[in-house]
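The block underneath contains the structure these notes are about, expressed in structure tokens.
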Amino acid sequence: MDLAKQAKIVDSIHDTLDDFVGQRLKVRANMGRSKIVESEGVLMQVHPQLFIMEVDRKRGRTARQSYQYVDVLTGMVELSQNGEPLFEPFVPENPLADQAPLEESLEEETVLS
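So for the sequence shown, the UniProt record's numbering puts the first residue at 1; every next one is plus one.
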């Protein structure tokens, strides 16, 4: 995926989330090392590079958490409302599935001595 297409997708994510400000959303964030954090909260603000959610914590407390649109693009952050995802995956599960196998794509090698 080229940079221009990625920039357009990030802009569309921003525009879509702008319509959800003030609404409750569920966030599923992949924090790396097999750690996935799921939380629910209200989308508070959208900014040019990130969005801020006020997520629910224990004992009725809340915390503000920020996420980047790029993380939504790459699938590291997933957003849903009422069990329905807001975005379909932008990056294919197996990006090499469309390409020919390595053995078929290599041409004969010429040995120079």
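Ideal Cβ positions, reconstructed from N, Cα and C, are used throughout, including at glycine. All values derive from a computational prediction rather than experimental measurement.
If the five residues before and after N30 are omitted, its C-beta is found closer than 6 Å to the C-beta atoms of I36, M76, all from its own chain and listed in chain order.
Look at S12 here: in three-state DSSP terms it is helix. In the structure shown, the three-state DSSP call for G32 is coil. The C-beta distance from R28 to E38 rounds to 5 Å, short enough to meet the 8 Å contact threshold. Residue pairing by DSSP places L50 opposite Q68 in a beta bridge. Around the C-beta of L3, fewer than 16 other C-beta atoms lie within 10 Å, and the residue is accordingly described as exposed. Assignment of L86 by DSSP, reduced to helix, strand and coil, places it in the coil class.
DSSP places R57 outside both helix and strand once states are collapsed to three, so it counts as coil. In the DSSP assignment, Q81 falls within the unbroken beta strand (DSSP E) covering 77-81. Per DSSP, reduced to three states, the secondary structure at Q45 is strand.
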